[in-house]
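Taking UniProt numbering, the leading residue of the sequence shown gets 1, the next gets one more, and so forth.
Written below as structure tokens is the structure these notes are about.
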Amino acid sequence: MGISIWQLLIVLGIVILLFGTKKLRNIGTDLGGAIRGFKKSMSDDDAKSEDPDSLEGQADEQTRQTAEEKPADKTKS
């Protein structure tokens with residue numbers, strides 16, 4: 001025995017009474033914006049991974065930055 005449509009409608013009615021339609025609209029807008037941002041970042045990552053030249057450039061850049069950040073070895077005298 002699952003949840004019937006009437007039980008879902010009662011729960012929905014209680015949620016609307018507790019939060020109000022304006023608050024629920026804001027939550028929906030925020031959730032939609034988050035999903036849109038996630039999809040955009042995923043498509044940007046796919047576009048970057050399709051360009052092998054950009055990956056080589058990024059690897060060279062990271063190697064150079066790592067080499068610059070390492071402190072020089074100093075021996076104690």
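Think of the CB as a built atom: it goes at the ideal place given N, C-alpha and C, for glycine as much as any other residue.
Mapping DSSP to helix, strand and coil, what is residue i?
{"i": "Gly2", "result": "coil"}
Report all residues from its chain with a CB closer than 7 angstroms to the CB of residue i; omit the five preceding and five following residues, and keep chain order.
{"i": "Ala47", "result": "none"}
If residue i and residue j are in contact, beta carbons under 8 angstroms, what's the gap, nearest whole angstrom?
{"i": "Leu24", "j": "Ile16", "result": "7 angstroms"}
Looking only at its own chain, which residues have a Cβ that is under 8 angstroms from the Cβ of residue i, when we skip the five neighbours before and after it?
{"i": "Asp44", "result": "none"}
Can you name, in chain order, every residue of its own chain whose Cβ lies under 6 angstroms from the Cβ of residue i, other than the five neighbours on each side?
{"i": "Thr29", "result": "none"}
{"i": "Ser49", "result": "none"}
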